[in-house]
Amino acid sequence: MAHTLTAERPEHAAAIERVLSRAFGPGRYAKTSERVRERGAILEPALTRVALNDAREIVGVCRIWRAEAGAEIYFLGPLAVDPSEQAAGLGATLVRDCVAACRSSAGGGIILVGAERFFRPFGFSIVPSGRVSLPGPVDPARFLWLELRPGGLDKIHGELAAPER
Ligand SMILES: CC(C)(COP(=O)(O)OP(=O)(O)OC[C@H]1O[C@@H](n2cnc3c(N)ncnc32)[C@H](O)[C@@H]1OP(=O)(O)O)[C@@H](O)C(=O)NCCC(=O)NCCS
C-alpha cells in the first residue's frame, strides 16, 4: 500500500494515540523514554512524521523531541506502525524521513532507546558507557545515538533532560 508522510498537526493527535496503543499495547507509559517526555522535552511537530494510508488514515508515527544533555540533542520516539501495516518497510521509511528532517534543521544529533538491529542501518550506534543517562533504567545495548554533522555529539554528556529554552 502507498503511504504519504507529513509533519504532525494538532488534528492528528487522537489517531496517533490509537496507533501507539495498538502497536505498543499496555505498558507503553512505563518506559523510561516516557519519563524524558514527561520531564519537559519539547515536541517538534515539524520534524515528526506521520504516515497516512490511501484512505488518509494515520497508520504510523515517528516523533521527534528537543532535549538536552550538556547541549541540545533530538530525542526520537515513540516510533510505531499499526500492526496491520507492519513489516512492509514503513517503520524504516518513517525513521529515514525524520533523520533527514533533523539533519536539515541543523541539529547536532539524535538519541533514542530502541533495537540496534533496526536502527543501525540509519547510522545509529550504542551510546558509549557513562556518557549520557536517562531518568530511569535503560538497557545500554538499546541506548543509541546518531551524529548529524561533524562534532555534533562532542558536547553531549550527562542526564537527558528538558532543553533550557
Ligand atoms: C518497530 C516498528 C516500528 C517497525 O516498523 P515496520 O514497518 O514493521 O518495520 P519495517 O518493515 O520498516 O522493518 C525494517 C527492518 O527492521 C526489522 N525490524 C522490525 N521490527 C524490529 C524490531 N522490533 N527489532 C529489530 N528489528 C526489527 C525488520 O525485520 C526489517 O528488517 P529487514 O529490512 O532486514 O527485513 C513496528 O514493528 C512497531 O510499531 N512495533 C511495535 C512498537 C515498537 O516496538 N516500536 C519500536 C520502539 S524502538
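Here my numbering is used: the sequence shown runs in plain steps of one and ends on residue 175.
Where a beta carbon is used, it is the ideal one built from N, C-alpha and C, also for glycine.
Note that this is a predicted model, so its numbers are computed, not measured.
Smallest Cα separation from residue i: which of the options?
{"i": "R159", "options": "E126, R175, L100 and R113", "result": "R113"}
{"i": "I26", "options": "R49, V109, T14 and A61", "result": "A61"}
{"i": "E67", "options": "T14, E48 and A81", "result": "T14"}
{"i": "L170", "options": "D64, P138, K41 and I83", "result": "I83"}
{"i": "A12", "options": "A40, P36 and G70", "result": "G70"}
Helix, strand or coil for residue i, going by three-state DSSP, please let me know.
{"i": "R19", "result": "coil"}
{"i": "S115", "result": "coil"}
{"i": "I166", "result": "coil"}
{"i": "T58", "result": "coil"}
{"i": "E82", "result": "strand"}
{"i": "G140", "result": "coil"}
{"i": "V148", "result": "coil"}
{"i": "G101", "result": "helix"}
{"i": "A125", "result": "coil"}
{"i": "F153", "result": "strand"}
{"i": "R175", "result": "coil"}
{"i": "K12", "result": "The amino acid occupying residue 12 in the given sequence is Ala; Lys does not appear at that position. In the structure shown, A12 sits in coil (DSSP, three-state: anything other than H, G, I, E or B)."}
Should residue i be labelled buried (16 or more other beta-carbon atoms within 10 Å of its own) or exposed?
{"i": "F34", "result": "exposed"}
{"i": "A151", "result": "exposed"}
{"i": "I136", "result": "exposed"}
{"i": "D1", "result": "Residue 1 is absent from the model: the chain starts at 11 and stops at 175."}
{"i": "S43", "result": "buried"}
{"i": "R76", "result": "buried"}
{"i": "D64", "result": "exposed"}
{"i": "T58", "result": "buried"}
Thinking residue i and residue j are a contact (beta carbons under 8 Å), I'd like their distance in whole angstroms, please.
{"i": "G162", "j": "G119", "result": "5 Å"}
{"i": "V186", "j": "A90", "result": "Residue coverage of the chain in this structure runs from 11 to 175, which leaves residue 186 outside it and unanswerable."}
May I ask you to verify whether the segment 91-99 touches the segment 123-131, counting CB pairs closer than 8 Å and requiring at least 3? When Cβ pairs closer than 8 Å are counted between the two stretches, the segment 91-99 is seen not to touch the segment 123-131, the count staying below three.
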